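Novice:
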């Protein structure tokens, strides 16, 4: 059982729905058998993550660097930047726009997304 590994050895892959956005899957159900998905998300300045819903997962976002605006249905717009933690409940629309500085987000999905 692998209990640690270098994040540098994990490849970035294209986000399945947000053009120009990359993800780095750190912990997945498929690979680790856990009911959680942890990933890094890289959103370059000028790109965005369009409005979407995770029907079955809560989405917990913790920005490590960068600046953007996030919109969550029922809450509205707010600044997405280091020091802010966001929990989007399952079934709630949300998006990331106005990325003015490259974003690096630690993103956790529970139960597992992948």
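In our numbering, the protein residues as written are 7 to 120.
Just so it is clear, CB atoms sit at the ideal spot from N, CA and C, and this is done for glycine as well.
It should be emphasised that the depicted structure is a prediction, and the values quoted were computed from it without experimental measurement.
1) Given residue 35, which residues of its chain have a CB within under 7 Å of its CB, disregarding the five upstream and five downstream residues?
2) By how many angstroms is the C-alpha of residue 74 removed from the C-alpha of residue 107?
3) Quick one, are the C-beta atoms of residue 99 and residue 57 less than 7 Å apart?
4) Can you name, in chain order, every residue of its own chain whose Cβ lies under 7 Å from the Cβ of residue 78, other than the five neighbours on each side?
5) Are the Cβ atoms of residue 46 and residue 72 separated by less than 7 Å?
6) Per DSSP, what kind of secondary structure is residue 100 in: helix, strand or coil?
7) With residue 57 as the anchor, note down where its beta strand (DSSP E) starts and where it stops.
Specialist: According to the structure data:
1) These residues qualify, in order along the chain: 41, 43, 118 and 120.
2) Note on geometry: alpha-carbon atoms of residue 107 and residue 74 lie some 7 Å from one another.
3) Closer than 7 Å, so yes.
4) Only 94, 98 and 100 meet the Cβ criterion.
5) 7 Å or more divides the Cβ of residue 46 from the Cβ of residue 72.
6) Residue 100: strand per DSSP, three-state reduction.
7) Where residue 57 is concerned, the enclosing beta strand (DSSP E) stretches over 55-58.
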